[in-house]
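Colleague: First residue of the sequence shown: 1, per UniProt numbering; consecutive thereafter. Below: one structure in structure tokens.
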Amino acid sequence: MNNVLYYLAAEGGETLPLEGGNSILLPKAYDIVWSLIPFLVILFVFGKFVIPKFQELLQEREDRIEGGIKRAEAQQAEAKAALEKYNAQLADARTEAAEIREAARERGKQIEAEAKANAEEESRRIVAAGEKQLEASRAQVVSELRSDIGQNSINLAEKLLGGELSDATKQSSTIDNFLSELDNVAPAGK
Numbered sequence: 001m002n003n004v005l006y007y008l009a010a011e012g013g014e015t016l017p018l019e020g021g022n023s024i025l026l027p028k029a030y031d032i033v034w035s036l037i038p039f040l041v042i043l044f045v046f047g048k049f050v051i052p053k054f055q056e057l058l059q060e061r062e063d064r065i066e067g068g069i070k071r072a073e074a075q076q077a078e079a080k081a082a083l084e085k086y087n088a089q090l091a092d093a094r095t096e097a098a099e100i101r102e103a104a105r106e107r108g109k110q111i112e113a114e115a116k117a118n119a120e121e122e123s124r125r126i127v128a129a130g131e132k133q134l135e136a137s138r139a140q141v142v143s144e145l146r147s148d149i150g151q152n153s154i155n156l157a158e159k160l161l162g163g164e165l166s167d168a169t170k171q172s173s174t175i176d177n178f179l180s181e182l183d184n185v186a187p188a189g190k
């Protein structure tokens with residue numbers, strides 16, 4: 001501290017020599033040389049080995065980071081393309097599903113119409129078969145009735161005439177006459 005005060009007290013800004021003529025601001029020459037040699041050795045070692053290795057590591061890290069960014073951008077682009085492709089497929093699937101539903105509706109209507117037509121055709125066929133069966137039953141009943149009425153008319157005629165109509169030709173002509181008279185009378189009664 002004394003040295004500092006000594007210099008501050010000096011006038012004119014000159015550096016005053018200390019004891020032995022040394023300046024406080026300028027070290028001795030041997031100190032400069034012996035400080036400069038290790039500095040140069042350290043500088044050489046750093047310049048030759050450490051700094052290139054450090055720059056190589058920094059360059060490698062920078063390449064990894066840039067490569068990672070590029071890979072991430074590429075993956076993001078791929079993901080975006082995959083998403084767009086998925087959305088397009090989803091839209092196509094929805095369109096196809098709508099078409100399938102519409103086709104199914106149309107097919108259902110067509111099946112319903114075919115079923116109605118088949119049912120109507122079957123109904124007509126059943127009605128026609130019923131009418132045929134009814135006509136056959138009617139014809140059978142009429143035939144049986146003719147036969148019964150004919151026999152009854154013969155019996156009645158025998159009782160009325162008091163004789164037997166055993167001749168087949170007479171019976172047949174009598175029955176036919178009686179039935180034809182019945183046929184003429186029946187429509188008038190309706």
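Backbone N, C-alpha and C fix where the C-beta goes; we use that ideal spot for every residue, glycine too. All values derive from a computational prediction rather than experimental measurement.
Less than 8 Å between the CB atoms is what I'm expecting for T174 and I154, so what's the real figure, rounded?
Modeller: That belief holds up - the Cβ atoms of T174 and I154 are roughly 7 Å apart, short of 8 Å.
Colleague: By DSSP, does P27 sit in helix, in strand, or in coil?
Modeller: Three-state DSSP puts P27 in coil, outside helix and strand.
Colleague: Using beta-carbon positions only, say whether L179 and R125 come within less than 8 Å of one another.
Modeller: Going by C-beta atoms, L179 is not nearer than 8 Å to R125.
Colleague: Along the alpha helix (DSSP H) that carries G68, what are the first and last residues, could you check?
Modeller: Unbroken alpha helix (DSSP H) run through G68: 51-161.
Colleague: Report the rounded CA-to-CA distance for L161 versus L182, giving the unit in angstroms.
Modeller: Distance between the alpha carbons of L161 and L182: 20 Å.
Colleague: Residues in the same chain with beta-carbon distance under 6 Å from G79, minus the five sequence neighbours each way, listed in chain order, please.
Modeller: It should be pointed out that residue 79 corresponds to Ala in this sequence rather than to Gly. The answer is none, since no qualifying residue turns up.
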